[in-house]
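FYI, the numbering used here numbers position 206 of the sequence shown as 237, with every residue one higher than the one before it.
Cβ coordinates follow ideal geometry from the N, Cα and C atoms, glycine included.
Note sheet for the following structure.
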Amino acid sequence: MTMAPLAAARILLIIGGGIAAYKSLELIRRLRDHGAAVRVVMTQGARKFITPLSAATLSGDSVRDDLFSLTDEALIGHIELSRAADLVVVAPATANLLARMAGGLADDLATTVLLATDKRVLVAPAMNVRMWLHPATRRNLDRLESDGVLVVGPDSGPMACGEFGPGRMAEPQAIVKAIERALEAGPPTDSGESVPKSLAGRHVVITSGPTYEAIDPVRFLGNRSSGRQGHAIAQSAVGAGAKVTLVSGPVALPDPEGATVIHVESALQMRAAVEAALPADAFIGAAAVADWRVADVSSDKVKKDSRSAPTLRLVENPDILAEVSRRTAFRPAFVIGFAAETQDVTANAKAKLTRKGCDLIVANSVAQGTSTFGGERNEVQLIDRDGVESWPPMSKAEVADRIVRRLAAELAKRL
Ligand SMILES: Cc1cc2nc3c(=O)[nH]c(=O)nc-3n(C[C@H](O)[C@H](O)[C@H](O)COP(=O)(O)O)c2cc1C
């Protein structure tokens, strides 16, 4: 693995035509503060938002924006430009620029450089939430990620266009951290074996499935959770390079490949397994933990009595999500809880966020008529302190991938 510390790094920064271009000026300043050399290429769109003069002044180098400039080409040819860098960073990466990259176009200096480079490429997408969630953008991003392109952000929150959701460019500080990680990973190899993953080096503890609360050796109180969503998140987190500990209640699913799986039955066992698995960078409580357990579990099978049915006395189970969220020592940097509600999904999930002290709630409706329990698809809302984000219906695998992407972005900001 080639180590290229930021202090000696040569960064080629491509600025796209988005409203977030002004943040790239701050990015140039920060990179230079760290000692990196920054050379800037701007798209024609970018010139509408910031001036080449600002970028040139901050970078200490002339800014290039014309593929067919005789002067620039004589100074340093476009192929050389693409190779004389340790890392190519695209910030902001507009929807248009991502589409052109995914399609392999080379119709201006920025895309020609991106197609000709043999160096690692990191993109910081920035766009309106509808553009970000559009299937075309999703497709382009999937294609770029499978080509080995690294992605930082986007963040979620209020946007310049007045809407709310994912699409805001990651903050310059988070982009600098992503640049450092990309440099540590070194250049791409033909076998692709050193593609750094967004959760590489992170430990993620996930709970999944139902819990069974024993009544006697034969009977239990359970619930309808299948574990599909939690297991899909575990698989996705493994794919993103995380070390994953999955604490699973009784489910009829295979163990996700690459995860350490602890099988438990009851809420008390689940809590003990989670405690033993910590510390972790993130905790995702996707299990449907029983709120109550039977107070006096019979050691023998309760016999049918013709005179009266037995009465079960219940006691409250520990609240694993709240306990993890409120830890004073070794609290995971990001805690995600799930809310399965049958009514007032958003209001109940918001209340749960505050009550439990977690950072994000993934809420879904499990009311009659929805096929969330045991089904392949899910429709969720994400609730954090800034507001609510609604995702369209999609497969549980797609929900898992998106949650993992969001988690990686949040951890990049915090750690
Ligand atoms: C005011 C304004 C703001 C824009 N902001 C964005 C943006 O944040 N993200 C984006 O993908 N496109 C944005 N666009 C559209 C792009 O500027 C447009 O797609 C342009 O062709 C991008 O070119 P480039 O990707 O080659 O830089 C914006 C357009 C306008 C007029």
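Spatially closest choice to residue i from the options, by CA coordinates
i, options, result
"asparagine 254", "Glu215, Ser297 and Ile264", "Ser297"
"arginine 408", "Cys389, Glu429 and Pro285", "Glu429"
"phenylalanine 251", "Gly258, Arg259, Thr242 and Ser257", "Thr242"
"alanine 317", "Pro203, Ala394, Gln374 and Pro310", "Ala394"
"aspartate 138", "Asp178, Asp97, Ala116 and Glu176", "Asp97"
"alanine 201", "Pro36, Gly258, Asp186 and Ile210", "Asp186"
"arginine 114", "Lys79, Arg70, Val94 and Ser90", "Arg70"
"threonine 143", "His109, Ile434 and Asp286", "His109"
"isoleucine 367", "Glu410, Ile434 and Ala340", "Ile434"
"proline 349", "Ala303, Ile293 and Ile264", "Ala303"
"proline 285", "Ala307, Leu299 and Arg259", "Arg259"
"lysine 427", "Ala263, Leu140 and Asp375", "Ala263"
"aspartate 390", "Asp336, Ala378 and Ile315", "Ile315"
Cut-off 8 Å between Cβ atoms - residues of its own chain near residue i, not counting five sequence neighbours on either side
i, result
"serine 222", "Residue placement at serine 222 cannot be trusted, given a pLDDT of 49 that sits under 50; what the coordinates show is reported in the next sentence. So no residue of the chain qualifies."
"glutamate 224", "Caution applies to glutamate 224, whose pLDDT of 43 falls short of 50 and renders its modelled position unreliable; the model cannot decide the point."
"glutamate 288", "Gln266 and Val269"
"glutamate 53", "Per the sequence presented here, residue 53 reads as tyrosine, with glutamate not at that position. Hits under 8 Å: Phe80 and Ile81."
"arginine 386", "Ala353"
Beta-carbon proximity check, residue i vs residue j, cutoff 9 Å
i, j, result
"proline 248", "lysine 332", "yes"
"leucine 112", "valine 72", "yes"
"valine 154", "glycine 198", "no"
"glycine 388", "alanine 360", "no"
"threonine 168", "histidine 234", "no"
"isoleucine 210", "isoleucine 42", "yes"
"alanine 364", "leucine 345", "no"
"leucine 351", "methionine 425", "Residue 351 is actually isoleucine in this sequence, not leucine. Not closer than 9 Å, so no."
"serine 55", "proline 203", "yes"
"leucine 62", "leucine 84", "no"
"glycine 28", "glycine 188", "A question about residue 28 goes unanswered here, because the residues of the chain that appear run from 32 up to 446."
"alanine 116", "threonine 148", "yes"
"alanine 443", "lysine 274", "no"
"serine 396", "glutamate 372", "yes"
"glycine 280", "glycine 240", "yes"
"isoleucine 293", "alanine 283", "no"
Sequence-distant residues of its chain with Cβ nearer than 6 Å to residue i (five each side left out)
i, result
"alanine 231", "Gly272"
"leucine 145", "Met132"
"alanine 370", "Ala380, Lys383, Ile392 and Ala394"
"proline 219", "Arg151 and Gly179"
"alanine 40", "Ala67, Asp117 and Leu214"
"tryptophan 163", "Pro197 and Gly198"
"alanine 245", "Phe251 and Val328"
"glutamate 441", "Phe365"
Sequence-distant residues of its chain with Cβ nearer than 7 Å to residue i (five each side left out)
i, result
"glycine 47", "Thr74, Gly76, Ala77, Val121, Pro123, Ala124, Thr125 and Leu128"
"serine 421", "Gln412"
"valine 305", "Val236, Thr238, Val278, Ile351 and Val355"
"asparagine 171", "Leu129, Ala130 and Ala133"
Whole-angstrom C-beta distance between residue j and residue i, which should lie under 8 Å
i, j, result
"leucine 438", "alanine 313", "6 Å"
"alanine 311", "serine 256", "Incorrect: roughly 22 Å between the Cβ atoms, too far for contact."
"alanine 157", "alanine 51", "4 Å"
"alanine 105", "valine 94", "That belief does not hold up - the Cβ atoms of alanine 105 and valine 94 are roughly 16 Å apart, past 8 Å."
- Item | Contained alpha helix (DSSP H) runs [length at least 4] in the region 75 to 154, N- to C-terminal order | 83 to 90, 101 to 106, 109 to 114, 126 to 133 and 140 to 147
- Query: Which ranges would you report for the beta strand (DSSP E) in the region 315 to 339 if only whole runs of at least 3 residues count?
  - Reply: 323 to 325
- Could I get the ranges of all uninterrupted alpha helix (DSSP H) runs contained in the region 190 to 256, with 4 residues as the minimum, in chain order? 203 to 216
- Please specify which runs of the beta strand (DSSP E), each continuous and at least 3 residues long, are wholly inside the region 367 to 397, giving them in chain order. 391 to 396
- Taking the runs of the alpha helix (DSSP H) that are 4 residues or longer, which of them lie wholly in the region 258 to 312? 259 to 270 and 298 to 308
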